[in-house]
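Residue numbers (mature numbering (1 follows the signal peptide of the UniProt record, and there is no 0)): -34 to -1, 1 to 432. C-beta: ideal position from N, C-alpha, C; glycine also.
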């Protein structure tokens, strides 16, 4: 990581004060810059590796239980909800084990995992989830757009469990479409406003009844769990967010495929978690591919738990609003995010590294490193920092955003390099872009407004160093 001289910092700040994109050449010679980049990479890799080493995988006994032993029928129509529940409970009572879903199509309602149980879908197995909301009652303790409530059960759910896993090469199909779940309201609708009003009024969570609203459930949501693994499976047609580990510790998501392009179908949204590895995942989504979160507004301040120590690596991003996104539900704060060795491949991706917040959220976004990224195409900026998301500057909780780092980005096509917009009385802190190359001209000018320190080192756009 390079450190600009005082003169260079002054030039950068002057350019920013004028509301223009900072265009200042690197003052380091190539050899010194190369060494500084090696040092920066080494430091980031060491920090990321340390996080990964501290994440523990589930400990699950080797015994296997097949759902067919409990009456499950693979005809795609016979309800296997109870057979799955009985198999999971049997494994749990025996001290844990692997519940196997054999090849075939199995119709089911919600699945609730218990401690030391792994749900394993063999290749050729498909779990086909019911689309009748009544199948997902009674309500369970959940979090929706950063606010806790008792809501319709996620399709796969666990609360307060430890050592749980969802594995295999099978398919999870939520069957969500415009004929069912997608007819329900969007996050900014009246139902969500009613829920937020209960939180603002201090209504206890058990009395916030999601059955009174139309708030679509997540696909997979472990809540207050320890040592969680999701590996190998394919998720399709989610009603809402696909993977939503919440208030969890030690989460590993590996070699998963997410194919859900409906409204608000975020790929993976770790919320208020500590220790998360997302590795080898393929994202094609209808919203953010990854969105790191930490609660929202009044309710987020009540819970007040950050999301921290996350590593995203060796993953691919196709369509989505943002590749690696922080916020906007970030009231508890987000820190120590490392994304490395990534591929972004579609103009349907609106931003590479996206940070969204406002003065209603509060909280902090700090120490983010996204590096060694190969961008074949992207439909927006590499870096988007937006303080005017959602409610905009209408609150009394100014966010803190600083120490945001992009390095080693090789970009074949993008519409914009960076779009950074803070508040005049609450500017974005330090942002560093180094060794970034964008081939071809941009269709939109770079923007840097209300930024304390924007550092550009060896940033080349259309053959011109910035």
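query, result
"With the cut-off set at 8 Å, would you say residue 46 and residue 73 are in Cβ contact?", "yes"
"For residue 151, which residues in the same chain have their Cβ closer than 6 Å to its Cβ, ignoring the five residues on either side in sequence?", "157, 180"
"For residue 332, count the other beta carbons within 10 Å of its own beta carbon; 16 or more makes it buried, fewer makes it exposed. Which is it?", "buried"
"Looking at residue 196 and the ligand PLP, is the gap between the Cβ and the nearest heavy atom below 7 Å?", "In terms of ligand content, the structure shown is empty, and the ligand PLP therefore cannot be addressed."
"Evaluate the contact criterion for the stretch 37 to 57 versus the stretch 11 to 22: three or more CB pairs, one atom per stretch, below 8 Å.", "no"
"The beta strand (DSSP E) that contains residue 387, what's its start and end?", "382 to 387"
"For the alpha helix (DSSP H) holding residue 266, just list the boundary residues, first then last.", "263 to 269"
"Compare the C-alpha of residue 139 against each of 429, 383, 205, 350 and name the closest.", "205"
"Give me the residue from 114, 115, 135, 106 with the minimum Cα distance to residue 122.", "106"
"Terminal residues of the continuous alpha helix (DSSP H) containing residue -5?", "-5 to 20"
"Would you mind working out which of 373, 29, 109 sits nearest residue 165, comparing C-alpha positions?", "109"
"Let me confirm a value: residue 30 is counted as buried when at least 16 other C-beta atoms fall within 10 Å, else exposed. Which label applies?", "exposed"
"Quick check on residue 162: does DSSP put it in helix, strand or coil?", "helix"
"Is it true that the CB of residue 413 sits closer than 8 Å to the CB of residue 386?", "yes"
"Kindly list the residues whose CB is nearer than 6 Å to the CB of residue 75, restricted to its own chain and excluding five residues on each side of it in sequence; keep chain order.", "47, 96, 101"
"Whole-angstrom Cβ separation of residue 296 and residue 329, contact assumed at under 8 Å?", "5 Å"
"Kindly indicate which three-state DSSP category residue 143 falls into: helix, strand or coil?", "coil"
"So, for residue 266: in the same chain, excluding its five sequence neighbours on each side, which residues have a beta-carbon less than 6 Å away from its beta-carbon?", "112, 297, 298"
"My output table needs one value for residue 111: the three-state DSSP class, helix, strand or coil.", "coil"
"Look at the Cβ atom of residue 214, then the Cβ atom of residue 194, and state whether they are nearer than 8 Å.", "yes"
"At the level of alpha carbons, what is the spacing between residue 405 and residue 321?", "24 Å"
"Mind checking which residues open and close the beta strand (DSSP E) that includes residue 47?", "Note, residue 47: premise wrong, no beta strand (DSSP E); alpha helix (DSSP H) at 47 to 59."
"When you compare only the Cα positions, how much space is there between residue 392 and residue 398?", "18 Å"
"Given a cut-off of 8 Å, decide if residue 400 and residue 423 are closer than it, judged by their beta-carbon atoms.", "yes"
"Based on Cα-Cα distance, which residue from 358, 192, 136 lies nearest to residue 242?", "192"
"So, under 8 Å CB-CB, residue 236 and residue 272 are touching, yes? Tell me the CB distance rounded to an integer number of Å.", "In fact, because the Cβ distance is near 11 Å, the residues do not count as touching under 8 Å."
"Three-state secondary structure (DSSP) at residue 235?", "coil"
"Is it a yes or a no for the stretch 163 to 178 touching the stretch 129 to 147, going by three-plus beta-carbon pairs under 8 Å?", "no"
"With a CB to CB cut of under 6 Å and the five nearest residues on each side skipped, what residues in its chain are close to residue 425?", "399, 402, 432"
"Between residue -1 and the rest of its own chain, which residues show a CB-CB distance below 6 Å, the 5 nearest in sequence each way excluded?", "none"
"So, using beta-carbon positions, are residue 230 and residue 142 closer together than 8 Å?", "no"
"Which one or two residues does DSSP pair with residue 372 in a beta bridge?", "336, 399"
"For residue 327 and residue 85, I'd like the C-alpha separation in whole angstroms.", "37 Å"
"For residue 170, count neighbouring Cβ atoms within 10 angstroms of its own Cβ and tell me buried if that reaches 16, exposed if not.", "exposed"
"Put residue 311 into one of helix, strand or coil per three-state DSSP.", "strand"
"According to DSSP, is residue 323 part of a helix, a strand, or is it coil?", "coil"
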